[in-house]
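Following full-length UniProt numbering, the numbering of the sequence shown begins with 1 at its first residue and continues without gaps.
Cβ coordinates follow ideal geometry from the N, Cα and C atoms, glycine included.
Okay, so here's the structure we're looking at.
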Amino acid sequence: MRLFQEIALIVTQFHNNLVTEQDLVSHFRRLGPNECNKWTILNAARRTEFLFTWREKNADTVPEPLIQEDDLDTCWAIALFRGQSALVTLKESDRARLTLEMLLDGVDSQYQSESHGVDCLEDLIPFMEENFVRRMIVHHRPRGFDQVEQDEFERLIENLLVKGPVVVAFDVFPSYEEKFVAASGQGIFSPTDDECQMRLYERFIRHCVVLYGKGVEVDGSRIKEFWEALESRGDTFGDEGFVRLARGKCLLREVVELKV
1 MRLFQEIALI VTQFHNNLVT EQDLVSHFRR LGPNECNKWT ILNAARRTEF LFTWREKNAD
61 TVPEPLIQED DLDTCWAIAL FRGQSALVTL KESDRARLTL EMLLDGVDSQ YQSESHGVDC
121 LEDLIPFMEE NFVRRMIVHH RPRGFDQVEQ DEFERLIENL LVKGPVVVAF DVFPSYEEKF
181 VAASGQGIFS PTDDECQMRL YERFIRHCVV LYGKGVEVDG SRIKEFWEAL ESRGDTFGDE
241 GFVRLARGKC LLREVVELKV
């Protein structure tokens, strides 16, 4: 995120009237498509946001809207077929593109609950590597509070995101539903302080989505970093089906590396 931090500093200077809007726009336009490819300047509100997103870089990687059925726990399958299909598109691979039905029918029933939920993403590796990827690796966020290890995990996600959309799993806190269902729009989800404490002794439902980008929102001099993710709840959820998850809160617990 060094580049994004440098951009955030320039944006902060713009908010403090040390640079002009024209200078800021010129800076954004000089950036490469792999660095930053979308920005919004709301000068009246002193708020600026910028991000790198595959939504802008390659719209062919964005699938048709899909709503996960309420009585099924199929988010893992939706995320995997979307992630694999996006990478096949980007790599121009001749591999077959996964579908939701292929995963639900092909993964051994011993690993699926009655509602098609799975407890362990590693159980999916044999099926995935049989026909649909060369390699599937599940990376887990390090336990504990070692900042060096946490930073390395964040860099891993960034490095994978440069290559294409990334399948991830995160803990769904109660306030997550309220953020995007009630507000019905864009925003950055961040767990409450109480929820962060609850995670120490309570297990939350883990939910799979596909990361499409990373970004920063600068409000005055306040800087918020976030991940942009595609949900499985249709295009009326969040921003046309996309949500923003705060960085620095250890929200992402598992990251799936797919090599097609």
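- Between Val243 and Phe189 the beta-carbon gap is near 6 Å, inside 8 Å, which marks them as a contact.
- Contact between Leu80 and Val167 holds: CB atoms are separated by about 6 Å, below the 8 Å threshold.
- DSSP places Arg30 within a helical segment (H, G or I) once states are collapsed to three.
- The C-beta distance from Arg47 to Asp219 rounds to 5 Å, short enough to meet the 8 Å contact threshold.
- With at least 16 other beta carbons inside 10 angstroms of its own, Lys214 counts as buried.
- It is roughly 16 Å from the alpha-carbon of His140 to the alpha-carbon of Val172.
- Taking the Cβ atoms as the reference, Ser221 lies roughly 37 Å from Cys75, outside the contact range of under 8 Å.
- Within the DSSP bridge table, the entry for Met136 names Leu258 as partners.
- Per DSSP, Lys249 is not a residue of any alpha helix (DSSP H), being assigned neither H nor E.
- Only residues of its own chain outside the window of five on either side were considered, and among them Leu121, Glu122, Glu254, Val256 have a CB closer than 7 Å to the CB of Val138, listed in chain order.
- Within the DSSP secondary-structure output, Val218 pairs in a beta bridge with Thr48, Ile223.
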